[in-house]
Amino acid sequence: MVEPQLILMIASFLVLLALDIPVAIAIGICTWLAIFSLGTVPASYVVAQRMSTGIASFPLLAIPFFIMAGILMGDGGMARRLIDLASVLVGRYRGGLAYVSTLTCMMFGAISGSATAAVSSVGGMMIPEMCRKGFNRNFSVAVSTTAATTGLLIPPSNVMIVFAVVAGDISVASMFMAGIIPGILVGLMIMLVCLILSKSALEIEPQDVQPASEARDSLSQDLTGLEFGARSLAPVLLGALPSLLLIILVLAGILGGAFSATEAAAIAVLYAFVMAVIVYREVKFSQLPDVCLRTGIMTSVVFLLISTSQAMSWALAYQAIPQSVAALMLSITDNSLVLLLIINLILLAVGTFMDMTPAVLIFTPIFLPVAVELGMHPVHFGIMLIANLCIGLCTPPVGTCLFVGCSVGRTSIAAVTRPMLAFFVAMLISLGLITYVPWLSMGLPRMLGLD
Amino acid sequence: RHVNLRPGGGNEKYVLKLAHSLDQSHPVHKAMAFMADTLKTKSAGTVELQIFPNGQLGSETECIEQLQRGALAMTKTSTAPMESFIPDMAIFGIPYVFRDEDHFWKMIHSAIGKRLLTAGESVGLRGLCYYDAGARSFYTTDRPVMSPNDLKGLKIRVQQSKTAMDMVEALGGAPTPIAWGELYTALQQGMVDGAENNPPSFFTNRHFEVCKHLSLDEHTRVPDILLFSEKVWEGLPGHVQQWIQEAADESATYQRKLWSEENEAVLQSVVEEGVTIHYPDKSEFASKVAAMHGSYEGSQLGNLLQQVLDIK
Amino acid sequence: MQKVVATVARLLESSVTLCVAILVLDVLWGVISRFVLAEPSRWTEELAQYLLMWVALLGAAVGFQRGQHLGLDYFVQKMPVEVRSLVGVFGQICIIAFASLAMIWGGYVLVSETLKSGQVTPALEIHMGWVYLAVPISGVAIAFFSFARALELIGIAQPKIAETNELEG
Ligand code: NA
Ligand code: NA
Chain V
76 MVEPQLILMI ASFLVLLALD IPVAIAIGIC TWLAIFSLGT VPASYVVAQR
126 MSTGIASFPL LAIPFFIMAG ILMGDGGMAR RLIDLASVLV GRYRGGLAYV
176 STLTCMMFGA ISGSATAAVS SVGGMMIPEM CRKGFNRNFS VAVSTTAATT
226 GLLIPPSNVM IVFAVVAGDI SVASMFMAGI IPGILVGLMI MLVCLILSKS
276 ALEIEPQDVQ PASEARDSLS QDLTGLEFGA RSLAPVLLGA LPSLLLIILV
326 LAGILGGAFS ATEAAAIAVL YAFVMAVIVY REVKFSQLPD VCLRTGIMTS
376 VVFLLISTSQ AMSWALAYQA IPQSVAALML SITDNSLVLL LIINLILLAV
426 GTFMDMTPAV LIFTPIFLPV AVELGMHPVH FGIMLIANLC IGLCTPPVGT
476 CLFVGCSVGR TSIAAVTRPM LAFFVAMLIS LGLITYVPWL SMGLPRMLGL
526 D
Chain E
244 RHVNLRPGGG NEKYVLKLAH SLDQSHPVHK AMAFMADTLK TKSAGTVELQ
294 IFPNGQLGSE TECIEQLQRG ALAMTKTSTA PMESFIPDMA IFGIPYVFRD
344 EDHFWKMIHS AIGKRLLTAG ESVGLRGLCY YDAGARSFYT TDRPVMSPND
394 LKGLKIRVQQ SKTAMDMVEA LGGAPTPIAW GELYTALQQG MVDGAENNPP
444 SFFTNRHFEV CKHLSLDEHT RVPDILLFSE KVWEGLPGHV QQWIQEAADE
494 SATYQRKLWS EENEAVLQSV VEEGVTIHYP DKSEFASKVA AMHGSYEGSQ
544 LGNLLQQVLD IK
Chain D
33 MQKVVATVAR LLESSVTLCV AILVLDVLWG VISRFVLAEP SRWTEELAQY
83 LLMWVALLGA AVGFQRGQHL GLDYFVQKMP VEVRSLVGVF GQICIIAFAS
133 LAMIWGGYVL VSETLKSGQV TPALEIHMGW VYLAVPISGV AIAFFSFARA
183 LELIGIAQPK IAETNELEG
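As structure tokens, this is what we get:
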């Protein structure tokens, strides 16, 4: 049975989306229309209630804090110190800068909750440097963009918090632990692509060599003066240690029970504040109000989406749509391999034109019951969902990481798509492994007794 | 109007939506499914009760608000979030108001119990019946709570309710409000040292895996209430209203039986899982809260408290 | 008009900045109260949730003024310029419609009905209705910014038409 309200909802959503209406508003309008057309429910009231109470949740509170910690760390010189460390570790190999870029994105992603923070901070410094060393510009952008998505699998991760909240009784801590191995896996796969491509020398012809002056503009003095791979480990490690300690502080704090994920995020802000403002002094006290404002606006862009999506999931639940979808899918086949493949294909299609947060918000209530019916652990499903939508962050036409990567790398989406293809293959293989090898996700949380 | 009407062979069909935040294995959910069946039989299929478990349509407070606007027909709620709407409901959250289970049921069936059930009508909430939610007791990770002294320095998770926080404080513990969904991890990681709830919740949420001591001090008896939207109710014909009330009453009797069976079974299961059940001397706890009882003197809640204590 | 927009935006920006700052201090205080003082705070969690609601909703309005809410411009980019500005105006009308219906009207009902029912928050014991006030306030700001933006779009469209006429003439 297909409810007319559902058709109205989907049709109006697609039309509004195509007309460049902000996604959050498109979700809100189609939800309002669907509820209003029921004729029995005060639509405006319900949307207003779900919009407001849907975001007043303690776990979601971690998001603004991880955003703020990311801003403080990016502005405060932590990203640069991580690049130094990565270059000492992997910079000496052939195609070394590509590994440096990947590893730095992973490390920075590991301390900030968002992929865009990683692309803009790390990509902003690495892409010009790679170009200067003879890497193809578009290849450089592709590396940074795809590598940055590992930050969403490696904790802390804002989108995992969003998932834990919409999925219901799932602890943020177990999501965080579950993401570590898959995140590292994706990172290694990306490095593998770099290795293969650097051997064939296909992408690394010095066809796009930038004059050194251009690169120097956007680079810190340390980095331009740095001979990659030539420095000794100790001083560089010492410099990056405070940033790495933050990862340990956050994870150990959550695992050791000292604080909740939200409080760990607040501690991360305090720590990043001390490092950026007091120790490194790269952020001034007078800049703090601006940091607060940027945090507030970035938070609200995500939260307006969460807010209207909460209204949409109410409308879906009220019509018992998730149950209908689950029943429909299970009526096609009860082979879990096939159903997981179908779910992944749908999500990949969704990811091409929808951003991650709304996709998680809209599709978790619909697909999670199917996955649970198949015997999948909700945490495993969450990791699969996020790994899948990470690919979508880099695919045109809508991909936040792609947008940011292209803008910091000063190139176009069309130009970067071709060198991206090899990385898509690597991510797809990782996704397959994550989907069909539950241990990758569940191993760590089980070992720590978190599942 | 505010009821989902669907034409069905000349007879009007009523679809009533009931949302709650419990799991489908919970005795209250089973009682609601029983009510749905009863209604179907009584109405010859013209009244359908659709149940939405697991908080699909929002938290208890949000569902209550949706009832008030007529977006939802029914919900189940603990009396704790009802305090925000009907201050008198706080009576159930005050520790040691009831001498024992017998006293509790006498109060529920007295004029006071009936008055509290209908007290929400002024804010658009019609109470249909009470469901048994047993007695709440402390459970802790490391050491048992045998007397109020044992609570000293222990962080105890409480609901977001002022009375609950006052209660734990009066008994000597440090009340820590934490979302229910986060509680398992919080207990496991030692963010809090214990919590308080009824044995079936202790069991179904698997808190027994981390809390090895259940101390049956039975400090409060906080029932559940089945609420109906006043707005939706007004749109129903008299005979349908009567069916609903009858089906609710029957489900309440059924639920009380299910609950006591469940409670017994659960206490046995947690022991098998390695939990030690303790039976502390309740009078020590009761004397600790005398001051809290006294603090209500002269207020509306104080008068109600006296009336309840006077029930013999 | 632009002056008013700038003033309203600055007012909202200051409120968001202040709310974020209080939010950080509030949650940190919650941690301190549990570790250092060993007496967990009763109200920090509740205050944080409601502050978050205010930050998100007021910040969302600022986001509209700065054009930071993402949409899918793939198809619109392919349209001719005149159609594009028409679609732009339609987009602003959609935003105004949603802000008015769901956020201003729905929010007004939410605030007034909640105030009438006397619901208070558990820890801080403030009227829940006042907490919900963030919804209609944000709605008014969003509608206002979108209205200004729509006027701007119409203004951009008009001189261009005039210009082309002149060229043809
Ligand atoms: Na991360
Ligand atoms: Na995409």
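So the protein lines, in turn, are chains V, E and D.
Each residue of the first sequence is one higher than the one before, counting from 76 in our numbering.
Each residue of the second sequence is one higher than the one before, counting from 244 in our numbering.
Each residue of the third sequence is one higher than the one before, counting from 33 in our numbering.
Built from N, CA and C at the ideal position, the CB exists for glycine as well.
Asked, Found
"List the endpoints of the continuous beta strand (DSSP E) containing PRO523 (chain E).", "Neither: PRO523 (chain E) is in no beta strand (DSSP E) and is coded neither H nor E."
"How big is the Cα-Cα spacing for ALA491 (chain E) and LEU371 (chain E)?", "6 Å"
"With DSSP run on the structure shown, which of helix, strand or coil describes PRO471 (chain V)?", "coil"
"Would you tell me roughly how many angstroms separate the C-alpha atoms of VAL454 (chain V) and SER249 (chain V), rounded to the nearest one?", "7 Å"
"Residues bridged to ALA438 (chain E) by DSSP?", "E:TYR382, E:ARG400"
"Taking GLU527 (chain E) and SER390 (chain E) to be in contact with their CB atoms under 8 Å, please state how far apart those CB atoms are, rounded to whole angstroms.", "5 Å"
"Using the DSSP secondary-structure output, state which residues sit across from TYR373 (chain E) in a beta bridge.", "E:ILE468"
"In whole angstroms, what separates the C-alpha of LYS455 (chain E) from that of PHE445 (chain E)?", "11 Å"
"Using the C-alpha atoms, what's the distance from SER246 (chain V) back to GLN385 (chain V)?", "19 Å"
"Please work out which residues of its chain come closer than 8 Å, Cβ to Cβ, to LEU298 (chain V), disregarding the five sequence neighbours upstream and downstream, and give them in chain order.", "Low confidence applies here, because LEU298 (chain V) scores a pLDDT of 42, under 50, leaving its location unreliable; read the following figure in that light. Closer than 8 Å at Cβ, skipping near neighbours: ARG155, ILE158, ASP159, MET200, GLU204."
"Starting from HIS272 (chain E), trace the alpha helix (DSSP H) both ways and give me its first and last residue.", "270-285"
"Count the CB pairs spanning the stretch 373-384 of chain V and the stretch 126-140 of chain V that are closer than 8 Å, and state whether there are at least three.", "yes"
"Cα separation between LEU44 (chain D) and ALA180 (chain D)?", "16 Å"
"LYS359 (chain V) by DSSP, collapsed to three states: which one?", "coil"
"Using a C-beta to C-beta distance shorter than 9 Å, which residues of chain E count as neighbours of THR128 (chain V)?", "GLY301, SER302, THR304, GLU305, GLU308"
"Run the Cβ filter for me: residues under 6 Å from any heavy atom of ligand 2, listed in the order they occur in the chain.", "V:GLY426, V:THR427, V:GLY467, V:THR470, V:VAL473, V:GLY474"
"In this structure, does DSSP put GLN296 (chain V) in helix, strand or coil?", "Note on GLN296 (chain V): pLDDT 35, under 50, position unreliable in the model; no value is reported."
"By alpha-carbon positions, which one of V:PRO364, V:LEU147, V:PRO397 ends up nearest to GLU448 (chain V)?", "V:PRO397"
"Is PHE478 (chain V) helix, strand or coil by DSSP?", "helix"
"Across which residues does DSSP place VAL290 (chain E) in a beta bridge pair?", "E:TYR257"
"Since HIS456 (chain E) is in the alpha helix (DSSP H), which residue starts that stretch and which ends it?", "Here HIS456 (chain E) belongs to no alpha helix (DSSP H); instead the beta strand (DSSP E) covers 456-463."
"Using beta-carbon positions only, say whether ASP430 (chain V) and THR383 (chain V) come within less than 8 Å of one another.", "no"
"So is GLY298 (chain E) buried or exposed if we call it buried at 16+ other beta carbons inside 10 Å?", "buried"
"Mind listing which residues of the stretch 99-114 of chain D have their C-beta closer than 7 Å to chain V's C-betas, in chain order?", "GLN100, HIS101, LEU102, GLY103, LEU104, ASP105, TYR106, PHE107, VAL108"
"Can you name, in chain order, every residue of its own chain whose Cβ lies under 8 Å from the Cβ of SER112 (chain V), other than the five neighbours on each side?", "PRO79, GLN80, LEU83"
"Starting from SER399 (chain V), trace the alpha helix (DSSP H) in both directions and tell me its first and last residue.", "396-407"
"If I measure Cβ to Cβ from LEU548 (chain E) and keep anything under 7 Å in the same chain, skipping five residues before and after, which residues do I get?", "ILE334, ILE337, VAL340, HIS536, TYR539"
"For LEU420 (chain E) and MET408 (chain E), which I take to be in contact (beta-carbon distance under 8 Å), what is that distance rounded to the nearest angstrom?", "The question names Leu, but residue 420 (chain E) is Pro in the sequence shown. Contact holds; Cβ gap of about 7 Å."
"Measuring only from the beta carbon, is ILE142 (chain V) closer than 7 Å to any heavy atom that is part of ligand 1?", "no"
"Taking 8 Å as the threshold (C-beta atoms), are ALA131 (chain D) and ALA175 (chain D) in contact?", "yes"
"Which of the residues in the stretch 122-139 of chain D, read from start to end, lie with their CB under 8 Å from any CB of chain V?", "PHE122, GLY123, CYS126, ILE127, ALA129, PHE130, LEU133, ALA134, MET135, TRP137, GLY138, GLY139"
"Should PRO418 (chain E) be flagged as near chain D, meaning a C-beta pair shorter than 8 Å?", "yes"
"Helix or strand or just coil, what does DSSP make of LYS319 (chain E)?", "strand"
"Would you tell me roughly how many angstroms separate the C-alpha atoms of SER47 (chain D) and LYS359 (chain V), rounded to the nearest one?", "21 Å"
"How is the alpha helix (DSSP H) around ALA134 (chain D) delimited, first residue to last?", "First-last for ALA134 (chain D): undefined, no H or E at that position."
"Using 8 Å as the threshold, is the stretch 398-413 of chain E in touch with the stretch 478-492 of chain E, meaning 3 or more CB pairs across them?", "no"
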